[in-house]
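Heads up: the sequence shown at position 56 corresponds to 56 in the UniProt record's numbering, and the numbers run straight through without jumps.
Backbone N, C-alpha and C define an ideal beta-carbon position, used for all residues, glycine too.
As the structure is a computational prediction, the values presented were derived from the model and not from experiment.
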Amino acid sequence: MLGRMRVLIVEDDALVAAAIRSGPTASGFAVDHVGSAEATRTALRHENFDLIEFDLVLPAADGFSLAQRLRAGGLTLPAVILTARDASADRVRGLGYRLEETEK
């Protein structure tokens with residue numbers, strides 16, 4: 001039997017993370033939440049995920065830096081950015097890291 005799909009949400013705002021988490025959880029996904037780039041790297045070292053979703057604004061590192069490090073380290077799982085940023089340059093930059101962007 002296959003296990004549930006696992007999603008890692010990277011969001012430093014607990015209320016926003018709870019709102020984001022509700023959809024995948026209601027759809028039967030197993031959802032983990034971390035609030036920083038360092039916690040993200042730790043979670044990815046110890047667990048297997050099917051999707052990672054993250055914000056661009058994180059403490060001590062932005063989402064682009066995190067994406068660059070993860071992709072450079074060989075991470076190939078699908079990644080989605082949820083952000084309040086609306087600059088076209090940010091969207092193009094995210095696509096350069098093979099990320100999909102959705103506005104909050």
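Spatial distance of Ala72 from Ala61 (CA atoms): Here residue 72 refers to the residue found at position 72 of the sequence shown. Here residue 61 refers to the residue found at position 61 of the sequence shown. Computed Cα separation, rounded: 16 Å.
Output the distance between the C-alpha atoms of Thr42 and Ser36, rounded to the nearest integer angstrom. Indexing the sequence shown from 1 puts residue 42 at position 42. Indexing the sequence shown from 1 puts residue 36 at position 36. C-alpha separation (whole angstroms): 10 Å.
Using the three-state DSSP reduction, which class does Thr76 fall into: helix, strand or coil? On the sequence shown, position 76 is the one that residue 76 refers to. In the structure shown, Thr76 sits in coil (DSSP, three-state: anything other than H, G, I, E or B).
Could you tell me if Glu103 is buried or exposed, where buried requires 16 or more neighbouring beta carbons within 10 angstroms of its beta carbon? Here the question's residue 103 lines up with position 103 in the sequence shown. Any reading at Glu103 needs caution, since the residue's pLDDT is 47, under 50, leaving its predicted position unreliable; the model's value is listed next. Looking at its Cβ environment, which holds fewer than 16 other Cβ atoms inside 10 Å, Glu103 is exposed.
Measure the alpha-carbon distance for Glu53 versus Gly74 and round it to whole angstroms. Against the sequence shown, residue 53 aligns to sequence position 53. Against the sequence shown, residue 74 aligns to sequence position 74. So the two alpha carbons sit approximately 17 Å from each other.
Are the CB atoms of Phe49 and Arg6 within a distance shorter than 9 Å? Position 6 of the sequence shown, counting from 1, holds the residue named residue 6. Position 49 of the sequence shown, counting from 1, holds the residue named residue 49. Yes; because the gap between Cβ atoms is below 9 Å, this pair is in contact.
Would you call Asp13 buried or exposed, if buried means 16 or more other Cβ atoms sit within 10 Å of its Cβ? The residue given as residue 13 occupies position 13 in the sequence shown. Counting Cβ neighbours within 10 Å, Asp13 comes out exposed, since fewer than 16 surround it.
Glu11: buried (16+ other C-beta within 10 angstroms of its C-beta) or exposed? In the sequence shown, residue 11 corresponds to position 11, counting from 1. Buried.
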